[in-house]
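Trainee: Before I ask anything, here is the structure I am working with.
2 protein chains.
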Amino acid sequence: MNQRLPVQGAQGDLLRLVATGRAESRADLARLSGLAASSVSLRVEELIDAGLLAEEGAGTSRGGRRPRRLRLSSGAGVLAVADLGAHHVRLGLLDLSGVPIVIEERRCEIAEGPRRTLDRIADAFDALLAEHVPADVPLRGVGTGIPGPVDPATLRVVTPSRMPGWNEFPVAEHLATRYDLPVLVENDANLMAAGEARWWPGSENLMVVKAGTGIGCGVIVNGHLHRGRGAAGDISHVRVRSDSSILCACGHPDCLEAYASGAALMSALAEAGIEVTRPADIVTLVNDAVPEATSLVRNAGRRMGEVLTVLVNFFNPDVVAVGGSLSAAEPLLTSIRAAVWERCLPLATRDLEIAPARAGRDAALQGAGTLLLEAALT
Amino acid sequence: MNQRLPVQGAQGDLLRLVATGRAESRADLARLSGLAASSVSLRVEELIDAGLLAEEGAGTSRGGRRPRRLRLSSGAGVLAVADLGAHHVRLGLLDLSGVPIVIEERRCEIAEGPRRTLDRIADAFDALLAEHVPADVPLRGVGTGIPGPVDPATLRVVTPSRMPGWNEFPVAEHLATRYDLPVLVENDANLMAAGEARWWPGSENLMVVKAGTGIGCGVIVNGHLHRGRGAAGDISHVRVRSDSSILCACGHPDCLEAYASGAALMSALAEAGIEVTRPADIVTLVNDAVPEATSLVRNAGRRMGEVLTVLVNFFNPDVVAVGGSLSAAEPLLTSIRAAVWERCLPLATRDLEIAPARAGRDAALQGAGTLLLEAALT
DNA sequence: CTCACTTCCTTCGATTTCGAAGATAAGCGG
DNA sequence: CCGCTTATCTTCGAAATCGAAGGAAGTGAG
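Chains as they are written, first to last, in the working numbering: chain A, 167 to 544; chain B, 167 to 544.
Structure, rendered in structure tokens:
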């Protein structure tokens, strides 16, 4: 039903390796795919004839003949991706290697419900396609990130906390009525993790924490997004050790989110008489050395670190990447690190890197691109 | 260097599918391996000629012709596996499908150091081989479980807590001097998890908790043992919420192990004037309805449940299997369940099964068999 | 019992993949 | 400039794999 890329057999694997940037030459492909060099040459030939791959000059020598560089042909197709937030949507077009063609941000109230929101996104896609993509370059896939849990089996939104009207809405089906293409619907933190993974080559196991208004987390195991039964990666409703007791929106007391999320920090600041409207404002306050803000952020980092301690011991990742708008506040990362180093097993922290996210603002869109390419090739 | 099984190419995959019990017929193999039915027939023919596979009667029809059942030939080889504890070792021989040929338990003090201990094990292997295996049936691999952390890169023991003389000892190298074969050295909880995984067909993501003298945990992700950087699965040194403060052997206060391990329960019972020597004795007390014991076990279960809550939200497994000698105490599982159901996200517990381990006492040996077969086929 | 249907397994020619050998194209040291 | 080394890529016969077709052996409905 879905119009997939016209590739068969081993071609898909080769195309994927080039698209994800892991391979740049026929020799790379032979090494990474496990195929014989001769077979690789044959398939690459076919892919070039089909207009999907292109040769582009020579790469740098590694001591012998220089490789002939391969890249995805710009006519191979584009992907339309979006990342939905509470009050805005970030969306754009990528080529098949995940490189942005155009990305923009629009206001968009998720509370307007799924139909209007999704139609707005689709309209925006159509406008961008008309403006930025030649008519003969095909759209190969459509994907969106959702700020709530998505059931991977049905691609529906399930029990979202701040998305009235979205519960059990069949997002993928709705988009599929407009696009006869592979459709991706995924939690936003998961997309961010998938996007971040490309920036940590060599690291197979990652935790990616999104510290923004809420606290999200995505998990990469063996280079692939781990979904579990659909809810994997949640860390925001872990109970933290505390003297006081705050009731979280989820109905349980003392969730991490109630202490360390951007939303929690903003209300704590309000109580101290400092009004802010976005988590990014907290970063500004910290940079301006407002003591209340710094202390709050440090506290949040320590609490997040205590939770991460458990998960680092258990999951033992290579990297914990911290992103989201709050992550720009230096003391956050410092406090997370301190808590994890102090409490974790030496074996677990031996080669662990706790670092700022590398993918930047478009991490989720890039992740959507990666996963969509996978879907279009399978 | 290591004498591997005389298989090449696709033969290994097919043999593995039969050995692990996932395939019983050529048709199964075709479905699971992705090979064409004709290719499967050819390879199976070769494996039968090589004496590795055997045909054995007919299976049950699924609505058409009955399949011709395949099993590993009994002459294909045996595996020698051991599971080392603090004061004893459980060891035996398995056929290549992991079915026990002979298993026995011997006293053995791990504190005697690695050389004497490992030589004892090897002597026991040799004796069992001489007695139970015809001389023309080859030994295909040797493996042992270690009650401490094992670095998967070097197969050495690293910073074990109750194994004097073992730190940094190259266990695999030492065994390899006696056996020119694939050698497996792995943490005991990991082996147990690998063994348990076979008993949960259809479940790809498992947590296996071993509640004995200590608290161990192994993780199966996508059907494979997750090692992380070598320390994955540790849950015993997570900080628990507590009014009091107990210093754990690891140097940190309030580790789960200090509250909920068999060792911790035994010393708590001793304080109440009830002397026991093994965690299994606690189970007896609980079954005899000794109130102190029941209350302690219930408390331990609750604490373990609180820790598992975090991990279930994060990892979102299909199954949490609870084994180890303490797991025979009913209230343990009940309290774990109660804590997890109460606090976890509905999406995470929707289809979650928290159940007693199924593999029984030989779980670790079976796991060693599974992993060794893998090693012998790669 | 017969007939339609399903599943299992094999046969055989077409296709794909492999791998050894060689051609091509660099870097490097004298 | 010239050999020596390294790496990339192609050629071509051998081997593995595929897939369509068909035979074998069962189930179930009428």
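Cβ coordinates follow ideal geometry from the N, Cα and C atoms, glycine included. In this text, all values refer to a predicted model and were calculated from it rather than measured experimentally.
Where residue 450 of chain B and residue 441 of chain B are concerned, what is the direct C-alpha to C-alpha distance, given to the nearest angstrom?
Mentor: Approximately 13 Å, taken between the alpha carbons.
Trainee: May I have a chain-ordered list of the alpha helix (DSSP H) segments no shorter than 4 residues that lie completely inside the segment 332 to 365 of chain A?
Mentor: Correct list: 337 to 344 and 354 to 363.
Trainee: When you compare the CB positions of residue 350 of chain B and residue 537 of chain B, do they come within less than 8 Å of one another, or not?
Mentor: Cβ distance < 8 Å, so residue 350 of chain B and residue 537 of chain B count as in contact.
Trainee: Using a Cβ-Cβ cut-off of less than 7 Å, list which residues of the segment 509 to 522 of chain B approach chain A; keep chain order.
Mentor: Of all residues in the segment 509 to 522 of chain B, 509, 511, 512, 513, 514, 516 and 517 have a Cβ within less than 7 Å of some Cβ in chain A.
Trainee: For the segment 397 to 412 of chain A, list every residue whose C-beta sits within 8 Å of some C-beta in chain B, in sequence order.
Mentor: Hits within the stretch, in order: 397, 398, 399, 400, 401, 403, 404, 405 and 407.
Trainee: What is the DSSP secondary structure of residue 174 of chain A, counted as helix, strand or coil?
Mentor: DSSP places residue 174 of chain A in coil when its eight states are reduced to three.
Trainee: For residue 529 of chain B, does the count of other Cβ atoms within 10 angstroms reach 16, so buried, or fall short, so exposed?
Mentor: So residue 529 of chain B ends up on the buried side.
Trainee: Residue 456 of chain B by DSSP, collapsed to three states: which one?
Mentor: Looking at residue 456 of chain B - three-state DSSP - the assignment turns out to be coil, as it is neither helix nor strand.
Trainee: Quick one: grab the DSSP three-state call for residue 522 of chain A.
Mentor: Residue 522 of chain A falls in the strand class under three-state DSSP.
Trainee: Along chain B, which residues have their Cβ under 7 Å away from the Cβ of residue 315 of chain A?
Mentor: By Cβ distance, chain B contributes 513.
Trainee: Let me see if you follow: with CB-CB separation under 8 Å, is residue 480 of chain B close to chain A or not?
Mentor: Yes - at least one Cβ of chain A is within 8 Å of the one on residue 480 of chain B.
Trainee: Need the endpoints of the alpha helix (DSSP H) that residue 194 of chain B sits in, please.
Mentor: Start and end: 192 to 199.
Trainee: Flag this pair as touching only if the segment 256 to 266 of chain B and the segment 220 to 232 of chain B have three or more C-beta atom pairs under 8 Å; answer yes or no.
Mentor: The segment 256 to 266 of chain B, when compared against the segment 220 to 232 of chain B, does not touch it at the 8 Å Cβ threshold.
Trainee: Whole angstroms is fine: what's the gap from residue 531 of chain B's alpha carbon to residue 324 of chain A's?
Mentor: Their backbone Cα atoms lie some 41 Å apart in a straight line.
Trainee: Around the Cβ of residue 353 of chain A, are there at least 16 other Cβ atoms within 10 angstroms (buried) or fewer (exposed)?
Mentor: Answer is buried; the Cβ neighbour count reaches 16.
Trainee: As a quick exercise: from B:400, B:278, B:420 and B:373, pick the residue whose alpha carbon is nearest that of residue 381 of chain B.
Mentor: Closest by alpha carbon: B:400.
Trainee: Which chain B residues sit within Cβ distance under 9 Å of residue 371 of chain A?
Mentor: Chain B residues near residue 371 of chain A: 392, 394, 395 and 398.
Trainee: Using only CA atoms, which one of B:542, B:513, B:518 and B:533 lies nearest to residue 317 of chain A?
Mentor: Per the Cα distances, B:513.
Trainee: Are there three or more Cβ pairs, one per stretch, closer than 8 Å when the segment 371 to 379 of chain A is compared with the segment 485 to 497 of chain A?
Mentor: Yes: the two stretches touch, three or more of their Cβ pairs being nearer than 8 Å.
Trainee: What does residue 418 of chain A reach in chain B if we use C-beta pairs closer than 8 Å?
Mentor: Those within 8 Å of residue 418 of chain A in chain B are 509.
Trainee: Check whether the segment 173 to 193 of chain A and the segment 232 to 252 of chain A are in contact - that is, three or more C-beta pairs closer than 8 Å.
Mentor: A contact exists between the segment 173 to 193 of chain A and the segment 232 to 252 of chain A.
Trainee: If you draw a straight line from the C-alpha of residue 375 of chain A to the C-alpha of residue 384 of chain A, how long is it?
Mentor: Straight-line Cα distance between these residues: approximately 7 Å.
Trainee: Leaving aside the five residues before and after residue 185 of chain A along the sequence, list all residues of the same chain whose C-beta is less than 8 Å from its C-beta, in chain order.
Mentor: 238, 262, 263, 264 and 539.
Trainee: What does the alpha-carbon distance come out to for the pair residue 355 of chain A and residue 313 of chain A?
Mentor: One C-alpha to the other measures close to 8 Å.
Trainee: Classify residue 485 of chain A: buried if its beta carbon has 16 or more other beta carbons within 10 angstroms, exposed otherwise.
Mentor: When all chains shown are included, residue 485 of chain A counts as buried.
Trainee: Enumerate in chain order the residues of its own chain whose CB-to-CB distance from residue 542 of chain A is below 6 Å, with the five nearest sequence positions on each side excluded.
Mentor: Cβ neighbours of residue 542 of chain A beyond the five flanking positions: 170, 171, 306, 307 and 348.
Trainee: Mind checking whether residue 117 of chain B and residue 422 of chain B have CB atoms under 8 Å apart?
Mentor: Only positions 167 to 544 of chain B appear in this structure, which leaves residue 117 of chain B out of reach.
Trainee: Can a CB atom of chain B be found closer than 8 Å to the CB of residue 452 of chain A?
Mentor: No, no contact with chain B.
Trainee: Below 6 Å CB to CB, which residues in the same chain sit around residue 167 of chain A once its five sequence neighbours on both sides are set aside?
Mentor: Reliability fails at residue 167 of chain A, whose pLDDT of 41 lies under 50, so the model's placement of it is uncertain and no value is given.
Trainee: By the DSSP assignment, the alpha helix (DSSP H) with residue 285 of chain A in it spans what residues?
Mentor: Run containing residue 285 of chain A: 280 to 298, per the alpha helix (DSSP H) assignment.
Trainee: Helix, strand or coil for residue 471 of chain A per DSSP?
Mentor: Here residue 471 of chain A sits in helix by DSSP.
Trainee: Check whether the Cβ atoms of residue 546 of chain B and residue 246 of chain B sit closer than 8 Å, and answer yes or no.
Mentor: What is shown of chain B runs 167 to 544, which leaves residue 546 of chain B out entirely.
Trainee: Quick check on residue 409 of chain B: does DSSP put it in helix, strand or coil?
Mentor: Looking at residue 409 of chain B - three-state DSSP - the assignment turns out to be coil, as it is neither helix nor strand.
Trainee: Output needed for residue 535 of chain A: all residues of its chain with C-beta closer than 7 Å, excluding positions within five of it in sequence on either side, in chain order.
Mentor: Taken in chain order, the residues that qualify are 245, 247, 260 and 264.
Trainee: Rounded to whole angstroms, what is the Cα-Cα separation between residue 339 of chain A and residue 322 of chain A?
Mentor: Cα to Cα, residue 339 of chain A sits roughly 9 Å from residue 322 of chain A.
Trainee: Quick check: is the beta carbon of residue 485 of chain A nearer than 8 Å to any beta carbon in chain B?
Mentor: By this cut-off, residue 485 of chain A is not an interface position.
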